[in-house]
Amino acid sequence: MTAVADEPSHVESGLPEAVDTVAVARLYGEPLFQLPLDLYIPPDALEVFLEAFQGPLDLLLYLIRKQNFNILDIPLADVTRQYLSYVEQIRQHNLELASEYLLMAAMLIEIKSRMLLPPKKTEDGKEAEDPRAELVRRLLEYEQMKLAAARLDRLPQLGRDFLRAQVHIEQSLSPRFPDVDTADLREAWLDILKRAKLNQHHRISREQLSVREHMSIVLRRLQGQRFVEFEQLFDVTRGQAVLVVTFIAMLELAREHLLEITQAEAFAPIYVRLAYTPV
Numbered sequence: 004m005t006a007v008a009d010e011p012s013h014v015e016s017g018l019p020e021a022v023d024t025v026a027v028a029r030l031y032g033e034p035l036f037q038l039p040l041d042l043y044i045p046p047d048a049l050e051v052f053l054e055a056f057q058g059p060l061d062l063l064l065y066l067i068r069k070q071n072f073n074i075l076d077i078p079l080a081d082v083t084r085q086y087l088s089y090v091e092q093i094r095q096h097n098l099e100l101a102s103e104y105l106l107m108a109a110m111l112i113e114i115k116s117r118m119l120l121p122p123k124k125t126e127d128g129k130e131a132e133d134p135r136a137e138l139v140r141r142l143l144e145y146e147q148m149k150l151a152a153a154r155l156d157r158l159p160q161l162g163r164d165f166l167r168a169q170v171h172i173e174q175s176l177s178p179r180f181p182d183v184d185t186a187d188l189r190e191a192w193l194d195i196l197k198r199a200k201l202n203q204h205h206r207i208s209r210e211q212l213s214v215r216e217h218m219s220i221v222l223r224r225l226q227g228q229r230f231v232e233f234e235q236l237f238d239v240t241r242g243q244a245v246l247v248v249t250f251i252a253m254l255e256l257a258r259e260h261l262l263e264i265t266q267a268e269a270f271a272p273i274y275v276r277l278a279y280t281p282v
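For the working numbering, add 3 to where a residue sits in the sequence shown, where the first one is 1.
Take a look at the structure:
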């Protein structure tokens, strides 16, 4: 009997025949041993542009500065030849971008042709202007703006060179009481006058009253006190004259910012306190 060889095991398992070949990639977990024949790679997919220019003037200035040409005496033949060589490269890939550069190339050729012709004098007999003068002026202005932009770009910028530090500090703010209305102050003063009339008595001698003295009395009365009610600063037993002087003394102290008159809300009691911390 002739022994029949068994079929390869890879047929049963579904693996590719080229088991000894190294897979170049995997697609959905399956090994690929050669690139697909219908794979499309764009022709400019791997191109690298080493020089990037922002316009025709930028390219022209680059060619002049790279070869140390005198910008006031540009050798147009050499510069135009190099310029057209670069334009030919970008024309093959981006025709719209090349149109702007072709306009500058036409200007260079025109300037070169004018330089080959005999110079014509102006109407007043003066020498004609150098055909390169306008181009030189534009190049110098562009170079100045480019250098200024580079200096500005070197300045530290928020988000690029440094970050703004933000520190949140929780501060306990003292409550601000509403200002005392003049009408409330007047009503409180009239109420004190009414109470003073109930305690009137005759005096034999005339008392000399001093506003400054009563200012000192009020300050001493408020020392060591957080708040004192407005009515407690008046001694109704001493008569109306003392009340008036005491009230004037309080107004003078408030005008000089030595005391504060506060009220928690409308129609609430009026309080007086020192506006400074005594030593």
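Where a beta carbon is used, it is the ideal one built from N, C-alpha and C, also for glycine.
- Contact between the stretch 231-243 and the stretch 259-276 is present: 3 or more CB-CB pairs across the two stretches fall below 8 Å.
- Beta-bridge partners assigned by DSSP to Asp182: Thr265.
- Residues of the same chain with a CB within less than 8 Å of the CB of Val214, apart from the 5 flanking positions on each side, are Val248, Ile251, Ala252 and Glu255 in chain order.
- For Arg135 and Arg157, the gap between their C-alpha atoms comes out near 33 Å.
- The Cβ-Cβ distance between Val245 and Leu212 falls below 9 Å.
- Contact annotation: Glu259 and Leu277 have beta-carbon atoms that are not nearer than 9 Å.
- Remark: fewer than three beta-carbon pairs, one from each stretch, lie closer than 8 Å, so the stretch 31-43 and the stretch 112-131 are not flagged as touching.
- When rounded, the separation of the alpha-carbon atoms in Tyr104 and Gly58 is 7 Å.
- For Val139, there is no enclosing beta strand (DSSP E); the enclosing alpha helix (DSSP H) has its first and last residue at Ala136 to Arg157.
- Restricting attention to Ala257, Thr265 and Leu64, the CA atom closest to the CA of Glu146 is found in Leu64.
- Following the DSSP letters along the chain, one finds Ala244 in no beta strand (DSSP E) but inside the alpha helix (DSSP H) bounded by residues Gln243 to Arg258.
- According to DSSP, Phe165 shares a beta bridge with Leu161.
- Beta-bridge partners assigned by DSSP to Tyr274: Glu232 and Thr265.
- Comparing C-alpha distances from Asp182 to each of Glu91, Gln95 and Thr265 shows the shortest one belongs to Thr265.
- The three-state secondary structure of Glu126, taken from DSSP, is coil.
- Per DSSP, the beta-bridge partners of Arg29 are Pro34.
- Nearest C-alpha to Ile112 among Thr83, Thr240, Pro78 and Glu91: Thr83.
- Rounded to the nearest whole angstrom, the C-alpha separation of Arg189 and Arg167 is 53 Å.
- The Cβ atoms of Gly242 and Ala191 lie no closer than 9 Å to each other.
- Across the set Leu35, Glu216 and Tyr86, the C-alpha of Tyr86 shows the shortest separation from the C-alpha of Leu60.
- Ranked by Cα distance from Met107, the options Ser116, Gln95, Val90 and Glu33 are led by Val90.
- Using a 10 angstroms sphere on the CB of Met148, the tally of other CB atoms stays under 16, which defines it as exposed.
- The Cβ atoms of Leu193 and Val239 lie no closer than 9 Å to each other.
- DSSP places Val170 outside any alpha helix (DSSP H), giving it a letter other than H or E.
- In its chain, beyond the 5 residues on either side, Ala252, Glu255 and Leu256 have a beta carbon closer than 7 Å to the beta carbon of Met218.
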